[in-house]
Structures are given as structure tokens and as C-alpha cells.
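Step one of this worksheet: look at the structure below.
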Amino acid sequence: MHDFPIFDQKPYNKQIVYYSMFSEKAVSRVVSAIEASPNGIATLEMLGSLRLCGRDSLKVALSRLNKTGRIVRLKRGTYSASPMKDAFACAQATYNGYLAFSSALYLHGMVSEMPFTIIVATASTSETKRFGQFEFRAVALGKRAVDFERKGAYVVSTRAKTLFDCLYLPRYSVEREKLEEAWRALSPDEKKEFAGYAKKLAPNRRDIRDFAKH
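Here our numbering is used: the first residue of the sequence shown is 31, the next is one more, and so on.
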């Protein structure tokens, strides 16, 4: 009597095979949609409106893509192409606020070195997230999270407000000498704007008031 190998006699499941094929197609469509979105950033709502696949399949696809590094999950419901097309836009999409401090100095052309820590000023959120070579940092300014402007695809603190923020919380700024150089580039109206911030938002900070005397 011979011993025969025992084979799995479970029936061939065509539904599983079909689901795997369908999922891979859905995944490819989702990747393409994210990469084609402005700045390579898309939300769950936007992707859902494209009817790339069913809602449940879309969520599964996004989860798989994030785990395998084919996309980046910036926050719940917001995704970026990988690698990121625009780190500043991604940081702003991650937090509700405006680009500030050393990041704003760079975007305004007031310093030449691109920061690898991108800072977003918010009303109440303070936290840090790392995505590859970049670090996104939210800094809560409370009532001082004011006065920003649209600059291309970004929302950035005004030049005068940028200098004020850098002096108010210097750990998120650049060297003092570079701030003094940036100050000299401000227009008379911008310097008046800065003085207004110093008086209203930091009345007890003599160092900020003295800075305006340069």
C-alpha cells in the first residue's frame, strides 16, 4: 500500500483571483490620479469623485499604496505622490495654517538656503512629522497666527510678519545676521507693519522693539 501525497482539495476560488486582478487595476488608477493632481496631492473625497473604483476598494488601495511607499499619507484623507512633488505644498496640506519662520524666509527670497524642516504656523496644533528627508513641523501661535498672504501655490506669512515670528520664537529662525539683512530689505510700509506687531503682539519684548532700530 502506497502513501499518496495529500493535496488541498478546496475548490478553486475565482472570486479571489478576480478581486486581486481588480484591486491591482484600481491601485494603478489611484496612483495615476494622485500624481496628476495639483502638486501631486489628493484627498479621499476628490479621488472618490473620480469613480476610480468602489469606496471600499479605494480605501484598501490607498492603505496598500501607503504601506508599500508608492504614495505618502500626509494625514487622514490626504495623500501625496511619492516622491513628493512639492514639500512646501505637502506641509501646508498636512496642517491647517500658513508657511512661516525659516520656510517663509526662503519662499520670500530673504534667505537662499532651502530648509529641510518645513514649518507651518497654526492656531493650536504643535507636532512634528517626518517624511523621508523632510520634517514637517506645526507651531501653535494662538492669537499670533495672523497676517499671511497668497504666494503662488502657498499661503505664507507676510515679510514683516515673518520677521516678527522669527524674533518672537528664534528657535525656528535663522542666524540673527541674516534677519538683520532681511530687515534692511523691507520697505518703509513693511517696517511700520512690523512695528505694529511688536506693539500689539509682543508688548513686553524689548528685544523685538529694539530690533526695529537697526
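Ideal Cβ placement from N, Cα and C applies to all residues, glycine included.
Only a predicted model underlies this, so the values are computations on that prediction, with no experimental measurement involved.
Run of the alpha helix (DSSP H) containing residue i, from where it starts to where it stops
i      : result
Ala153 : Here Ala153 belongs to no alpha helix (DSSP H), and DSSP marks it neither H nor E.
Thr124 : Ala117 to Thr124
Ser79  : Leu74 to Ser79
Separation of residue j from residue i, as counted between CA atoms
i      : j      : result
Lys229 : Arg239 : 8 Å
Ala123 : Glu143 : 22 Å
Arg214 : Glu75  : 45 Å
Leu92  : Thr98  : 10 Å
Glu223 : Leu95  : 46 Å
Tyr42  : Ile71  : A caution first: Tyr42 carries a pLDDT of 46, below 50, which makes its placement in the model unreliable, though a value can still be read off. One C-alpha to the other measures close to 40 Å.
Lys40  : Cys83  : At Lys40, the pLDDT of 48 sits below 50, so the modelled position is not reliable; the number obtained from the coordinates is stated separately. Whole-angstrom Cα-Cα distance: 30 Å.
Val60  : Leu171 : 36 Å
N-terminal and C-terminal residue of the beta strand (DSSP E) that residue i is part of
i      : result
Thr192 : It is not in any beta strand (DSSP E) - Thr192 instead sits in the alpha helix (DSSP H) that spans Arg189 to Tyr198.
Tyr202 : Segment: none, Tyr202 is in no beta strand (DSSP E) and carries neither H nor E.
Arg235 : No beta strand (DSSP E) contains Arg235, which DSSP labels as neither H nor E.
Ala215 : Element bounds for Ala215: n/a, residue is neither H nor E.
Nearest candidate by alpha-carbon position, reference residue i, set the options
i      : options                           : result
Asn276 : Tyr198, Glu65, Glu223 and Ser203  : Residue 276 is absent from the model: the chain starts at 31 and stops at 244.
Met140 : Ala91, Glu210 and Arg94           : Glu210
Phe146 : Cys120, Tyr184 and Thr152         : Cys120
Phe194 : Ala242, Ala66 and Ala117          : Ala242
Gly127 : Glu205, Ser187, Ile101 and Glu54  : Ser187
Ala190 : Ser79, Arg100, Ser156 and Pro218  : Pro218
Arg106 : Arg180, Lys89, Ala117 and Lys115  : Lys89
Leu129 : Leu216, Ser203, Ser112 and Ala212 : Ser203
DSSP beta-bridge partners of residue i
i      : result
Leu129 : Val150 and Val186
Ala175 : Note: Ala175 sits in no beta bridge, so no partner.
Arg100 : Arg100 is not bridged to any residue.
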